[in-house]
Amino acid sequence: MLKQLCSYFLLFAFLFTNFALSPVFAAEKFDLIITNARIIDGTGNPWFRGSIAVKDGKIAKIGSFEATGAGQTIDAKDQIVAPGFIDVHAHTEGIYNNPAAENFVRMGVTTLVTGNCGGSTTDVAGFLGRIKEKPLAVNLSTLIGHNSVRSKAMGTDNRPPTAEEQAKMNAIVEQAMKDGALGLSTGLIYVPGTFAATEEVVELAKVAAKYNGVYASHIRDEGTKVVEAIKEAINIGEQAKLPVEISHFKISSKALWGETPTTIGLVEDARKRGFQVTVDQYAYTASSTSLDARMPNWSVAGGREAGKKRLADPETRKKIIAEMKEDLKKKDFKDYSFAYVASYSPNPEFNGKNIAEITKTERGSSKLDAQIDQIFEMYEKGGAGMVYRVMSEEDVKNIMRQPFTMIASDSGVRDFGEGMPHPRGYGNNARVLGKYVREMKIISLEDAIRKMTSLPAQTFNLRDRGLIREGFAADLVIFDENTVADAATFEAPHQYAKGFSHIIVNGEPVFAGEKMTGKMPGQAIYGPGKK
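If you want the working numbering, it's the 1-based position in the sequence shown plus 1277.
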């Protein structure tokens, strides 16, 4: 009996020793652990305390656990840890020339959706595939742009497409969706998209719908005809049977300031009918686009040389001037003092000044006719990038309060110190968190994060982004809710956002300790139609 008991004891000791030392019971190994965090998970739910463990670029564990055995540990020091921000309205086709995308990273953006306003690559496979040879600090995805597709199929002509040209456009969109585009974008205020009838766009949207894409539209008018333009966007989505996302939702006509209950109501009515419509916005009262947009679309059709010929014809020039004056009158603006130059290559001294100021200096007069002549001269010399201060702060706040509104910058990758760009490219997300959450209390911190993370991910079919969830990509931001703020202004736009301590992309810190780390872990993100 004693001998048998001794045998059992030895067996137990052997098993205990071996199992205790086996990998099954060993401490789990992680690449990164974030401790002492207040976690806002992206759902809109209140923050909670915990730690986050990362392994192989994914979130592996969330909760209370001992932070041992990690390759790297970050003490969040009671700061907010949130999903990386997803900017669904960017213009970053040139990102491979500036792969760090520092202006985006330093305001918390870890994923970009480019190809907006109808302008995109038409070689989606090549564009996204380039990330393998030219790594980026952020994740990159794209829409397929109608303007680019139309230009490739039929140039910039002001006419309907032939049946052959429509088929060619359909084929380009179809290939783009198969190559991983997230959906179709339009810029119906820009040449040549402005020449397209609704039916043309519906046909292309139907192609995108076959691959579960979204329809993202810079609508046909954001001023006096904004209601009709919103209705058109919703109609296109309903006919093509795909979700609609209205870009940089705004009212840019002074005559209609305060009418956001009407424009918001159109979105609400569509959603009540069971149709998915969302919007995005930037947190400023100024927009940014080209100088060409101040001229009638028909007058710039066919490219700059064609436009210059029209201006050289006295009768046509008079007609253009008359339409420009009528447009100002409808929008309740007296002149172009709202129009500020962001970048003008022929004379960089114009940068940061408005058209009225430039005209006074250059022509000795700031009368409206002289301002229009100045616009024509700048157009003929190649045009300019502009910032237009045309929106109401109350409208911005009202749009931001809506549950279907996302936060997006409408910006490109910035070369620090170059030109006088819109400050949204440096401060948009931080401005929402600092001004509209902390100072003005327009929305809660948790809802602001939702608008930057899970709502964009849901809208654009980014399946494993936008939430702090086990198994999701480890795109994370750490910031101090009490100090986060935008520093960029219209007068001094080249200033990075404040209050962020760490930005993590696919488990790799790309920003830490007030500086970029130089790591480039960004991934190409493909749409659901990718073959």
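C-beta atoms are modelled at their ideal positions from N, C-alpha and C, and glycine is treated no differently.
Which term fits residue i, buried or exposed, when burial requires 16 or more other beta carbons within 10 angstroms of its beta carbon?
i: M1384; result: buried
i: K1280; result: For K1280, the predicted model reports a pLDDT of 46, less than 50, meaning its position is unreliable; a value from the coordinates is still stated below. Counting Cβ neighbours within 10 Å, K1280 comes out exposed, since fewer than 16 surround it.
i: F1737; result: buried
i: D1333; result: exposed
i: A1448; result: exposed
i: F1362; result: buried
i: P1437; result: exposed
i: G1711; result: buried
i: P1625; result: exposed
i: R1571; result: buried
i: P1300; result: Reliability fails at P1300, whose pLDDT of 39 lies under 50, so the model's placement of it is uncertain and the value that follows must be treated cautiously. Exposed is the call here.
i: N1631; result: buried
i: R1678; result: exposed
i: E1441; result: exposed
i: T1345; result: exposed
i: F1653; result: buried
i: G1806; result: buried
i: G1743; result: buried
i: P1733; result: buried
i: E1791; result: exposed
i: N1675; result: buried
i: A1583; result: exposed
i: S1397; result: buried
i: N1416; result: buried
i: R1427; result: buried
i: P1680; result: exposed
i: D1355; result: exposed
i: S1622; result: exposed
i: T1766; result: exposed
i: I1329; result: buried
i: A1303; result: Legend: pLDDT at A1303 = 47, less than 50; position of this residue unreliable, no value from coordinates given.
Just grab the DSSP bridge partners of residue i for me.
i: T1419; result: T1391
i: E1626; result: DSSP, once it has assigned bridges, lists no residue as partnering E1626.
i: P1786; result: I1781
i: R1326; result: R1315
i: F1307; result: A1347
i: Y1665; result: S1564, A1616
i: A1762; result: K1775
i: I1523; result: S1494, V1556
i: S1397; result: Answer by DSSP bridge pairing: none, since S1397 is not bridged.
i: A1801; result: L1417
i: K1792; result: A1789
Using 8 angstroms for Cβ pairs, my map puts residue i next to residue j. What's the rounded Cβ distance?
i: I1597; j: S1576; result: 5 angstroms
i: L1461; j: V1450; result: 6 angstroms
i: E1670; j: I1357; result: Wrong, their Cβ atoms sit about 26 angstroms apart, outside the cutoff.
i: P1520; j: G1799; result: The Cβ separation is near 26 angstroms, so there is no contact.
i: I1541; j: E1499; result: Their Cβ separation, rounded to whole angstroms, is 14 angstroms, which puts I1541 and E1499 out of contact at 8 angstroms.
i: N1322; j: Y1559; result: The Cβ separation is near 26 angstroms, so there is no contact.
i: I1351; j: I1408; result: With 8 angstroms as the limit, I1351 and I1408 do not qualify as a contact, their Cβ atoms being about 26 angstroms apart.
i: V1468; j: N1574; result: 6 angstroms
i: M1668; j: Y1617; result: No, M1668 and Y1617 are not in contact; Cβ-Cβ is about 14 angstroms, not under 8 angstroms.
i: A1430; j: V1479; result: At roughly 16 angstroms, the Cβ-Cβ gap does not stay under 8 angstroms, so A1430 and V1479 are not in contact.
i: Y1492; j: I1513; result: 6 angstroms
i: D1672; j: G1535; result: 7 angstroms
i: R1691; j: N1380; result: 4 angstroms
Determine the extent of the beta strand (DSSP E) in which residue i is found, giving its start and end residues.
i: L1533; result: Segment: none, L1533 is in no beta strand (DSSP E) and carries neither H nor E.
i: F1756; result: 1753-1756
i: G1551; result: Segment: none, G1551 is in no beta strand (DSSP E) and carries neither H nor E.
i: L1568; result: Careful: L1568 lies outside any beta strand (DSSP E) and carries neither H nor E.
i: I1363; result: 1362-1364
i: S1731; result: It is not in any beta strand (DSSP E) - S1731 instead sits in the alpha helix (DSSP H) that spans 1731-1736.
i: T1463; result: 1460-1464
Would you give the residue range spanned by the alpha helix (DSSP H) that residue i belongs to?
i: G1340; result: Where G1340 is concerned, there is no enclosing alpha helix (DSSP H), although the beta strand (DSSP E) it sits in stretches over 1335-1340.
i: L1588; result: 1581-1589
i: Q1772; result: Careful: Q1772 lies outside any alpha helix (DSSP H) and carries neither H nor E.
i: Q1648; result: 1645-1657
i: Y1713; result: Premise fails: Y1713 is in no alpha helix (DSSP H) and is neither H nor E.
i: A1414; result: Per DSSP, A1414 belongs to no alpha helix (DSSP H) and is neither H nor E.
i: T1475; result: 1475-1487
i: I1684; result: No alpha helix (DSSP H) contains I1684, which is instead part of the beta strand (DSSP E) from 1682-1684.
i: N1512; result: 1503-1517
i: N1447; result: 1440-1455
i: N1375; result: That residue, N1375, is in no alpha helix (DSSP H); it is neither H nor E in DSSP.
i: I1632; result: 1632-1640
i: D1672; result: 1670-1677
query: Can at least three beta-carbon pairs, one atom from the region 1399-1407 and one from the region 1707-1724, be found at a separation below 8 angstroms?
result: No, the region 1399-1407 is not in contact with the region 1707-1724.
Does the region 1313-1328 come into contact with the region 1725-1734, if we say contact requires no fewer than three beta-carbon pairs (one atom in each stretch) closer than 8 angstroms? Look at the beta carbons and you see the region 1313-1328 touching the region 1725-1734: at least three pairs across the two are nearer than 8 angstroms.
Segment contact flag, the region 1776-1790 with the region 1747-1758, C-beta cutoff 8 angstroms, min 3 pairs: Yes: at least three Cβ pairs fall under 8 angstroms.
Assess, as a yes-or-no matter, whether the region 1545-1564 is touched by the region 1584-1596 under the definition of 3 or more beta carbon pairs within less than 8 angstroms. Cβ pair count under 8 angstroms is below three, so no.
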